[in-house]
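Enquirer: Supplied in structure tokens, the structure appears directly below.
Residue numbers (our numbering): 95 to 214.
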């Protein structure tokens with residue numbers, strides 16, 4: 095089985111679908127379904143071997159997302175934080191071209207047509 099080195103952690107299924115739609119490379123997307131208990135978080139870290147991978151945290155800019163980001167940063171200090179503008183609040187409601195720019199800034203390959211007009 096192919097071992098994927100990049101992992102994006104998102105909150106919900108709609109966030110996962112949105113990111114899957116944009117990316118143009120093989121990577122793991124983990125959906126937490128909200129905040130995690132310590133035991134569940136440790137299971138995730140072990141199951142996906144997160145200590146040895148490039149981790150990207152992409153969560154909503156609301157109270158629960160901020161709480162989850164803090165929790166993940168504490169357990170995964172090597173993770174890179176990706177942010178959507180607070181005006182969009184949620185990853186799932188962020189326009190495709192804006193979210194694509196966020197992902198590209200982290201060297202994540204996306205389908206080029208989502209960047210039309212961004213860098214021209």
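Note that the Cβ used here is the ideal one computed from N, Cα and C, for glycine as well.
1. When the Cβ atoms of the stretch 171–183 are set against those of the stretch 149–157, are three or more pairs found closer than 8 Å?
2. Would you please state the rounded distance, in angstroms, between the beta carbons of residue 157 and residue 128? I believe it to be under 8 Å.
3. Identify, in the order they occur along the chain, each residue of the same chain with its Cβ nearer than 7 Å to the Cβ of residue 213, setting aside the five sequence neighbours on each side.
4. What residues in its chain sit with their C-beta under 8 Å from that of residue 135, if we drop five residues either side in the sequence?
5. For residue 192, which residues in the same chain have their Cβ closer than 6 Å to its Cβ, ignoring the five residues on either side in sequence?
Expert: In this structure, then:
1. Judged by Cβ distances under 8 Å, the stretch 171–183 makes contact with the stretch 149–157, as three or more pairs qualify.
2. Not a contact, Cβ separation roughly 11 Å.
3. Low confidence applies to residue 213: its pLDDT is 48, below 50, so where it sits in the model is not reliable, and the reading given next is rough at best. No residues qualify anywhere along the chain.
4. Non-local beta-carbon contacts of residue 135 in its own chain, meaning distances under 8 Å to residues more than five positions away in sequence, involve 165, 166, 169 in chain order.
5. Answer for residue 192: no residue qualifies.
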